[in-house]
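Residue 198 in my numbering sits at position 172 of the sequence shown, and the numbers go up by one each step.
Beta carbons: idealized from backbone N, C-alpha and C, even for Gly.
Written out below as structure tokens is the structure these notes cover.
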Amino acid sequence: MRQKGITLIELVVVLTILGVISAGIASFVRVSIENVVLVTDRDKLLSASRFSVDRMSRELVNALPGSLRVSGNSTFHCLQFVPIELVGAYTRLPVQGVSNLQIVEPIAATGESVSLTANLDYAVVYPLTETDVYANNSVKRKLITAVSDDADNNNLIELDVTGLYPESSPAARAYIVNRAVSFCLIANASDGGRLVRFESPIAQSAPNSIPANAVTLAENIDNVLSANPSSSYLEDDPFRVVQASRQRNATVQIRFRFIQNGEQITLQQEVHIPNAP
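Structure below.
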């Protein structure tokens with residue numbers, strides 16, 4: 027009886043075919059895994075970019091008119107603004123011999139009545155420029171030294187302020203503020219580039235350094251920063267402010283270029299500031 031088997035040549039051919047098939051399967055699996063990793067990285071970049079820009083947009087719409095300003099150098103750029111704590115309509119401005127501002131009791135965004143803090147809060151009337159908001163001797167931002175209510179239930183309170191206002195607001199509007207907020211992009215950081223946020227007192231000078239307690243909002247941002255963003259804006263700068271005019275409100279243009287593991291996403295958004303003096 028004749029025995030059946032395979033020859034050495036047939037065995038080599040079979041092993042070669044199996045090797046080619048295995049290599050193809052391995053290549054397919056590797057490409058699939060790489061695609062999953064790329065999609066995951068892109069999703070992380072999208073999530074980080076959306077979170078940071080959405081966070082900025084929500085805060086910027088509450089900016090005091092005239093308070094938006096950009097500063098920095100080739101290592102960091104900062105967008106600073108003064109958030110509105112409260113707003114109320116006034117019925118009387120301080121005049122010669124009368125040092126208090128009478129306003130309708132301010133109401134928070136939640137609809138609840140709120141209290142003001144003497145020697146901490148400022149009352150701002152008709153701010154138009156950066157100087158009106160930040161100057162140490164600003165004639166439009168006055169420190170509130172006392173808060174009083176005569177308990178007559180007319181919803182009017184009186185604020186003692188340090189000096190007279192030079193002009194009234196066309197809308198008879200007074201803003202209450204007490205701090206400045208800065209969003210800063212730090213370039214060439216160890217982790218690529220970071221967007222941070224911090225608060226500070228309202229000061230004439232724009233931020234010239236980043237405090238240690240600044241909170242990181244996003245990483246892996248690769249914008250190339252200009253040397254003087256306040257006077258010379260370049261295309262890759264992250265922040266640009268278009269100040270308000272008689273025909274339009276102020277706007278902030280935000281541009282972030284995120285990079286991670288070879289993936290790059292550029293996100294641009296324009297935020298319209300609805301508040302008017």
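query	result
Chain-order list of residues whose beta-carbon lies under 6 Å from that of residue 255 (same chain, five-residue window excluded)	96, 98, 103 and 263
Per-residue burial, residue 249 [other beta carbons within 10 Å of its own, 16 or more giving buried]	buried
8 Å contact criterion, which residue 243 and residue 81 should meet: CB distance rounded	6 Å
As assigned by DSSP and simplified to three states, the class of residue 199	strand
Extent of the continuous alpha helix (DSSP H) run through residue 296	Element bounds for residue 296: not the alpha helix (DSSP H) but the beta strand (DSSP E), 289 to 298.
Residue burial classification, residue 153 (beta-carbon count within 10 angstroms, cutoff 16)	buried
Backbone secondary structure at residue 34 - three-state DSSP	helix
Buried versus exposed call for residue 47 [16 or more other C-beta atoms within 10 Å across all chains shown]	exposed
Status (buried if at least 16 other CB within 10 Å, exposed otherwise) for residue 261	exposed
Endpoints, the beta strand (DSSP E) within which residue 152 is located	Taken as a continuous stretch (DSSP letters only), residue 152 belongs to no beta strand (DSSP E), as it is neither H nor E.
Residue from 194, 159 and 198 whose Cα sits closest to the Cα of residue 206	159
DSSP bridge partner residues for residue 98 (one or two, in chain order)	103
Limits of the unbroken alpha helix (DSSP H) element including residue 159	156 to 160
Residue 236 - containing beta strand (DSSP E), residue span	Looking at the DSSP string, residue 236 is not in any beta strand (DSSP E), and its letter there is neither H nor E.
Neighbour flag for residue 226 against chain D, beta carbons, 7 Å	Checking the listed chains, one finds no chain D in this structure; it contains a single protein chain.
Rounded Cβ spacing between residue 150 and residue 116 (contact assumed at less than 8 Å)	Not quite, the Cβ-Cβ distance comes to about 11 Å (not below 8 Å), so this is no contact.
Residue 301 classed as buried or exposed, judged by whether at least 16 other C-beta atoms fall within 10 angstroms	buried
Continuous beta strand (DSSP E) stretch holding residue 172: start and end	167 to 174
Proximal residues to residue 228 (C-beta, below 8 Å), its chain only, five neighbours per side dropped	108, 148, 159, 160, 167, 203, 204, 205 and 206
Which listed residue (292, 287 and 275) has its alpha carbon closest to that of residue 88	275
Beta-carbon proximity of residue 79 to residue 290, cut-off 7 Å	no
Extent of the continuous beta strand (DSSP E) to which residue 267 belongs	265 to 268
Local conformation of residue 256 per DSSP, three classes	coil
Three-way DSSP call (helix, strand, coil) for residue 280 in this model	strand
Straight-line Cα distance separating residue 283 from residue 83	17 Å
Per DSSP, the bridge partner or partners of residue 126	186
Identity of the residue in 39, 124 and 76 nearest residue 281 by Cα	76
Coarse secondary structure for residue 242, derived from DSSP in three states	strand
Exposure label - residue 36; buried when at least 16 CB within 10 Å	exposed
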